[in-house]
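*Asks:* This is the structure, below, for whatever I ask next.
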Amino acid sequence: MDKALRALQYLFVVAIGIGSAQGISAQEEKETKKQYEIRYKMKLSTTPPAEQTCAAQIYFTYLQKNTVAVVDSTIDNTECEASSGDYTVLVRFRDENNEIQSLEYSESWSRDDDKAVESRKEYFIGDNVDLVNVRAKKLRCICDTAGAEAEAPE
Numbered sequence: 006m007d008k009a010l011r012a013l014q015y016l017f018v019v020a021i022g023i024g025s026a027q028g029i030s031a032q033e034e035k036e037t038k039k040q041y042e043i044r045y046k047m048k049l050s051t052t053p054p055a056e057q058t059c060a061a062q063i064y065f066t067y068l069q070k071n072t073v074a075v076v077d078s079t080i081d082n083t084e085c086e087a088s089s090g091d092y093t094v095l096v097r098f099r100d101e102n103n104e105i106q107s108l109e110y111s112e113s114w115s116r117d118d119d120k121a122v123e124s125r126k127e128y129f130i131g132d133n134v135d136l137v138n139v140r141a142k143k144l145r146c147i148c149d150t151a152g153a154e155a156e157a158p159e
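The opening residue of the sequence shown carries number 6 in the numbering used here; numbering runs sequentially from there.
Laid out in structure tokens, this is it:
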């Protein structure tokens, strides 16, 4: 009987231990269910809107007048009215030694309406040379969206 009593005491102690362990777990569980609010302060810098590019076309007619190349240019785009941009004029000519030489000139343009931009420029090419050709490089076109928004009726 003494063994039975000890076994019963042992089971009782184990049962109390399990019960108190479950009680602690329930209490801990209640504590972990607390809500936390974390606030972050961030400083964000804004970037200007991306430029709206357009596909402009440029046409040249050119001729040589003694030491200069006379270049008539027409720039047009059908994507936006107010626009601007820049380009490089490449003038190629043959020198006294019959070698091809090139000169580059940077130009810019702008317009406020839908009309083509026309211009005439003279580029110095030197004495005793023959003009070979004139062409454009790096033509860039940007729509003026700020001007279009300002003119739009509300």
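Glycine residues also receive a C-beta, built at the ideal position from the N, C-alpha and C atoms.
1) What residues are listed by DSSP as bridge partners for D81?
2) Compare the beta carbon distance of R116 and S88 with 8 Å and say whether it is the shorter of the two.
3) Using only alpha-carbon positions, find the residue among A60, N71 and E56 that is nearest to Y128.
4) May I ask you to report which of helix, strand or coil DSSP gives T72?
5) Give me whichever residues DSSP pairs with R99 in a beta bridge.
6) Look at the alpha carbon of T150 and the alpha carbon of A74, and state the distance between them as a whole number of angstroms.
7) Which residue comes first and which comes last in the beta strand (DSSP E) that contains E2?
8) Under 8 Å between the Cβ atoms of E101 and N133?
9) Exposed or buried, what is F98 when buried is set at 16 or more other beta-carbons lying within 10 Å of its beta-carbon?
*Replies:* If we stick to the structure as given:
1) In the sequence shown, the residue the question calls residue 81 occupies position 76. DSSP, once it has assigned bridges, lists Q62 as partnering D81.
2) Taking the first residue of the sequence shown as 1, we reach residue 116 at position 111. Taking the first residue of the sequence shown as 1, we reach residue 88 at position 83. Contact: yes.
3) As a position in the sequence shown, residue 128 is number 123, starting the count at 1. Selected option, being the one with the closest Cα: N71.
4) Within the sequence shown, numbered from 1, the residue matching residue 72 stands at position 67. Reduced to three states, the DSSP call for T72 is coil.
5) The count along the sequence shown starts at 1 and reaches residue 99 at position 94. Looking at the DSSP assignment, R99 forms a beta bridge with I105 and D135.
6) As a position in the sequence shown, residue 150 is number 145, starting the count at 1. As a position in the sequence shown, residue 74 is number 69, starting the count at 1. Taking the straight line joining both Cα atoms gives about 35 Å.
7) A question about residue 2 goes unanswered here, because the residues of the chain that appear run from 6 up to 159.
8) Stepping through the sequence shown from its first residue, residue 101 is reached at position 96. Stepping through the sequence shown from its first residue, residue 133 is reached at position 128. For E101 and N133, yes; Cβs fall inside 8 Å.
9) Taking the sequence shown and counting its residues from 1, one reaches residue 98 at position 93. Burial call: buried.
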